[in-house]
Every structure is written in structure tokens, then in C-alpha cells.
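Only one structure is covered here, and it is reproduced in the block below.
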Amino acid sequence: MKAAAVFLLFVFPLAVPAAEVKLPKSVYSPLFRDPGEADSVVGPLLVDKTPVTNQEFLAFVTAFPQFSKSKIQPLFADGGYLAHWLGDAAFAKGEARFPVTHVSWFAARRYCESRGKRLPTIAEWEVASDARSSRNEAKIMAWYGRPGARLRDVGAEPANKFGLTDAHGLIWEWVDNFSESIMSGDSRGGSSTESLFCGGAALKAKDPKMYATFMRFAFRSSLNARYTSVNLGFRCVRDMDGGGE
Amino acid sequence: MKFAFFLILSLVQTSRAHDGHSHDLKADSPLPGTSILQLGSVWKNQRGESVKLGDLRGKSRFVVVLYTRCDTACPLIVEDLKEIATELDPKKSGQVGVSVFSLDSARETPQSLSDFSVKRKLPTHWDLLTSSPAAVSELAAALGVRYKRLKDGEFIHSNVIFFLNRNGEIVARKEGLKTPRAEFMKQVRKNL
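And the structure:
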């Protein structure tokens, strides 16, 4: 009986499609905390090994033409949606395995839904990408310092400790709850943070040395759900059976 | 919890006939591309009735997003909105809807919405609405409302009053509490 259980444990990973990696149950410790905000637990979770590619996104817009470049409504994406594509069903030769970019939160979210998946949360993305390791911190800072860096095929670099690739140094990625990143200091129109936000979002950085994390946080706080950009893509995650909400 | 939600939903389905928002004057023409009503999510109001976002077509309206357990900014934004509504020409104010959407999918119920409505002495034609987390996050995203649920069940959220035209397009917004509203009111009157 016990032997059978052990056997199953070994066999199970083979049943996971190659394009997903398992993020074990982990603790996420936010860099910025609101009053009373504690560490949270994420996973276990199946995470796409690589960001979604142009080729994969093409299959999606073919099945859901309302998300094609010519048909998408302005509520769901700004004018830059799929700007690098040559038409509703064509992108430049050689870019099939480039990460899809110029996609809005609405489109990314619907893509994941169509695959029985969802966008990761901030906590899940931060843990799965192993963003806090000093090696990644250095890599991220180097990338941030090279504006307009060219895209390339996904999966062309060694995987991180969970088996993920391309989390840093290729694109930014959408997260489901990007709008939780609320920066104070926006005092346009003379309104204070207290006035704009119920509860007041006092930012207290846990470790001021985490510049890269800070920049991701600042970037997310600047996003809106229609926004698209040349270096903003996404990947999906899937809750494991019995590991849902 | 999920079961309870289903139960409420099925109860709501049976009372759909009383839905007072089905004045679909131009229901056959497509919604404008920026219309919030394209989201198509289904909500329930403080009377337990089911309200589809598309049902809100045909009437311009004020929209706010909050949660009724909030005892700091949320009552203030509601008072703000009450004042704004009474500033309108009484002949016209009857033609303007008010939709208060709750962020708190986990705890909000038709009862808590109704309690809030009574406690805050809200006009009975105001609709207070609750729905699933997915519906809330899409609506908030479409409106540009940022929010964060804290561990203790409270929320941090943007305080904004929106004004939508009959087709559900945002034509004016007023950010912050007790902020000047002359410009906002000008836009509102223009779109009545």
C-alpha cells in the first residue's frame, strides 16, 4: 500500500504537461505592507514554464475573434493592442516563439481562462520567478538598464530553481491583481492619499535594497487593464486538484 | 460558502421578473466600444434581484465602488453622492440611476446591502449590487478603480464617483472625498 503511494508520487510528475512546472507550497513575504498585512502562503500551483508566445496567442484569437487585433473593443485594450502583428492572424517570420506582447490585462486574462487557467497573483508571480535571489536581482537590474532590449524565443535560458524560464530579463508579465499595487504620492489635483484611498496605503518597504522588486511594484502601480506595451506579456497558472481557493 | 452563493443565485433567478431595469430602448444596436456594460456580468441587488450590467442601458447613472462594512471613507462618498444627486434638477434626477457596486464578494449579501441602504437613508431607487470576485475585478479594472483586500477583510480602494451616459460610457469622474465638483457637475448636466 505504502509502496504504491510512493510509486504514484514518482509517476505523477510525468502526468504534468511539459509546459508547466510545479510551484510547491511557499511563503510570500511582501516588500510593501499595508497595516496588518502579513506573509501569505502560495501554491501548490502549476505554472507555465514559459511566457505565452505569439504562436499560442494566435490560436486564441482565432478561436475568440473578439480578441483579434481588428475586432477588440477599446474597453478591453488600448490602441497598441498587438501592434507588432502584421494583421489579425500574422506576425513577423521568426517571431512565433517570441513572447506575445502588446496585450492587455483583459486579453491575457481571457486567454488563461480559455485554457482552464488564470493569471498568477502578485504573490504567486514573485515566488515562482524567484525574484528575490541576489542572482536574479542583479540580472533584473541589468535588464532594466537596457531600455528597448530586443525580444527573443522563450525558453532559451536555463530554468530557475522551480523550472521556470524567462521570468526576468525578457519581458514584464501581467498579474491578475496588478491593481493592488497602489502607490502613494500621486497628489494631482491636490488630493491626498488619505482622500483617494479608503484606509490609506502607507508604503513601508521591508528592505530598501530590493530595487528590482520596487521597480516591478512601481510598474504595476502604473498599469491599467487596457494598457499594452512592447515588453509586457504574461504566463498562466493553474490550481492543482484540491488546491483551489 | 460557495453553496450559499449558489443558493442565493437560484433564489434570485426566480425573481427576475421584477427586474426594474429592462428599458432596453436601443437594445438591438451594439454598445459603444468603450461601454462598461459590455462586461455582461450578473449582479444581485439589495432586494435579491438579479441585475445584468447590460440591463443598465437606457439610463444615465452615477456609479461608485465600495464595501458596506467600511466605516471610514465609504459613508463619506455616499453622502457626497447624495448631495450631488439632490443638486440635479428634480425633474431630471428621476431619470438618473445610481449604482453602488460592492468590492466585498466574500461577505456582501442582499441583506447587508439592504441594511446599509437603510442605515445611510439612501433613496430607494439606488441599486446596491454584489457579485463574484471575477465580476468585481473586471468591473473595477474597466472603471480604473484600484483596490486591495486586506487580511482583516477590510479593503483599500480608490474613492471615485463616476457618471455614465445611457450607453454605459464614462463621461465624468470625480476623484477623492469632498473634492470640488463644479467641473464634474457640468459634465453630468451635459450628459443627462
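Protein chains in written order, with our numbering: chain Z, 1 to 245; chain G, 246 to 437.
We put the CB at the ideal spot given by N, CA and C, even for glycine.
Given the structure is predicted, the values throughout are model-derived calculations rather than measurements.
Interface partners of residue 224/Z on chain G, CB under 8 angstroms
Correct list: 386, 389.
With 9 angstroms as the threshold, decide whether the Cβ of residue 75/Z is near any Cβ in chain G.
Taking Cβ atoms only, chain G reaches closer than 9 angstroms to residue 75/Z, which makes this a yes.
If the criterion is Cβ atoms closer than 9 angstroms, does the pair residue 323/G and residue 345/G meet it?
Yes; because the gap between Cβ atoms is below 9 angstroms, this pair is in contact.
If we cut at 9 angstroms on Cβ distances, does residue 283/G have a partner in chain Z?
For residue 283/G, the answer is yes, since a Cβ of chain Z falls inside 9 angstroms of its Cβ.
Quick check: residue 54/Z and residue 100/Z, are their CB atoms within less than 9 angstroms of each other?
Taking a C-beta distance under 9 angstroms as the contact criterion, residue 54/Z and residue 100/Z qualify as a contact pair.
Other residues of its chain near residue 84/Z: CB distance less than 8 angstroms, five sequence neighbours each side excluded:
Short of 8 angstroms from the beta carbon of residue 84/Z, and not among the five residues preceding or following it, lie these beta carbons of its own chain, in chain order: 91, 92, 95, 101, 102, 230.
Residue 406/G versus residue 419/G - alpha carbon distance
Cα to Cα, the separation comes out at about 5 angstroms.
Identify whether residue 99/Z lies in helix, strand or coil by the three-state DSSP scheme.
Looking at residue 99/Z - three-state DSSP - the assignment turns out to be strand.
Which value, in whole angstroms, describes the spacing of the CA atoms of residue 240/Z and residue 23/Z?
When rounded, the separation of the alpha-carbon atoms in residue 240/Z and residue 23/Z is 10 angstroms.
For a cutoff of 9 angstroms on Cβ pairs, would you count residue 324/G as touching chain Z?
Residue 324/G is outside the set of residues whose beta carbon lies under 9 angstroms from a beta carbon in chain Z.
What does residue 417/G pair with, by DSSP beta-bridge criteria?
According to DSSP, which records beta bridges pairwise, residue 417/G is partnered with 408/G.
Measuring only between beta-carbons, confirm whether residue 38/Z sits less than 9 angstroms from chain G.
Between residue 38/Z and chain G, the shortest Cβ-Cβ separation is below 9 angstroms.
How is residue 110/Z classed by DSSP in three states: helix, strand or coil?
Residue 110/Z falls in the helix class under three-state DSSP.
For the region 370-387 of chain G against the region 347-358 of chain G, do three or more pairs of beta-carbon atoms, one drawn from each stretch, fall closer than 8 angstroms, so that the two count as touching?
Between the region 370-387 of chain G and the region 347-358 of chain G there are three or more C-beta pairs closer than 8 angstroms, enough to call the two in contact.
Can you give me the start and stop residues for the alpha helix (DSSP H) that residue 22/Z sits inside?
No alpha helix (DSSP H) contains residue 22/Z, which is instead part of the beta strand (DSSP E) from 20-23.
Could you name the residues of chain Z that residue 280/G contacts, counting a contact when the two beta carbons are closer than 9 angstroms?
Contact note: residue 280/G reaches chain Z through 73, 75, using a C-beta cutoff of 9 angstroms and chain order.
In the region 361-407 of chain G, which residue ranges form an unbroken beta strand (DSSP E) of at least 3 residues, counting only runs that do not cross its ends?
Unbroken beta strand (DSSP E) runs of no fewer than 3 residues, entirely contained in the region 361-407 of chain G, are found at 372-375, 392-394, 400-403, following chain order.
In the DSSP assignment, find the alpha helix (DSSP H) that holds residue 211/Z and state where it starts and stops.
Annotation: the continuous alpha helix (DSSP H) that includes residue 211/Z extends over 211-221.
Helix, strand or coil: how does DSSP classify residue 53/Z here?
The three-state secondary structure of residue 53/Z, taken from DSSP, is strand.
Give me the chain Z residues within the contact set of residue 406/G, using Cβ-Cβ distance strictly less than 8 angstroms, ordered along the chain.
For residue 406/G, there are no neighbours in chain Z by C-beta distance under 8 angstroms, as the nearest C-beta there is about 12 angstroms away.
So, at 7 angstroms on beta carbons, what are the nonlocal neighbours of residue 258/Z in its own chain, with the 5 sequence-adjacent residues on each side left out?
Any question about residue 258/Z goes unanswered here, given that chain Z covers just 1 to 245.
Once you ignore the five residues that flank residue 151/Z on each side, which residues in its own chain have a CB closer than 6 angstroms to its CB?
Around residue 151/Z: 98.
Helix, strand or coil for residue 43/Z, going by three-state DSSP, please let me know.
The three-state reading of DSSP puts residue 43/Z in coil, since its state is none of H, G, I, E or B.
Does the region 271-281 of chain G come close enough to the region 368-379 of chain G that 3 or more CB-CB pairs lie under 8 angstroms?
They do not touch, by the three-pair rule.
Cβ closer than 9 angstroms: which chain G residues qualify as neighbours of residue 124/Z?
Within chain G, no residue comes near residue 124/Z; the closest Cβ sits about 15 angstroms away, beyond 9 angstroms.
Using a Cβ-Cβ cutoff of 7 angstroms, what residues of the region 167-180 of chain Z are near chain G? List them in chain order.
Those residues of the region 167-180 of chain Z that come within reach of chain G (Cβ to Cβ, closer than 7 angstroms) are 179, 180.
Below-9 angstroms beta-carbon distance, residue 85/Z vs any chain G residue:
Contact with chain G is absent for residue 85/Z, since none of that chain's Cβ atoms lies less than 9 angstroms from the residue's Cβ.
Through-space distance from residue 398/G to residue 225/Z, alpha-carbon basis
Rounded to whole angstroms, the gap between the alpha carbons of residue 225/Z and residue 398/G is 24 angstroms.
With a threshold of 16 other CB atoms inside 10 Å of the CB of residue 236/Z, please say whether the residue is buried or exposed.
Residue 236/Z is buried by the Cβ-count criterion.
Which of the three DSSP states, helix, strand or coil, is assigned to residue 290/G?
DSSP, read as helix, strand or coil, puts residue 290/G in strand.
Name the DSSP bridge partner or partners of residue 296/G?
According to DSSP, which records beta bridges pairwise, residue 296/G is partnered with 288/G.
Cβ of residue 109/Z less than 9 angstroms from any chain G Cβ?
It does: the Cβ of residue 109/Z has a partner Cβ on chain G nearer than 9 angstroms.
Taking the beta strand (DSSP E) that residue 27/Z belongs to, which residues open and close that run?
Element bounds for residue 27/Z: 26-28.
Beta carbon of residue 321/G nearer than 9 angstroms to that of residue 409/G
Remark: C-beta atoms of residue 321/G and residue 409/G do not approach each other more closely than 9 angstroms.
Below 9 angstroms between beta carbons: does that hold for residue 47/Z and residue 147/Z?
Going by C-beta atoms, residue 47/Z is not nearer than 9 angstroms to residue 147/Z.
Assign residue 213/Z to buried or exposed, taking buried as 16 or more other Cβ atoms, counted over all protein chains shown, within 10 Å of its Cβ.
Counting Cβ neighbours within 10 Å, residue 213/Z comes out buried, since at least 16 surround it.
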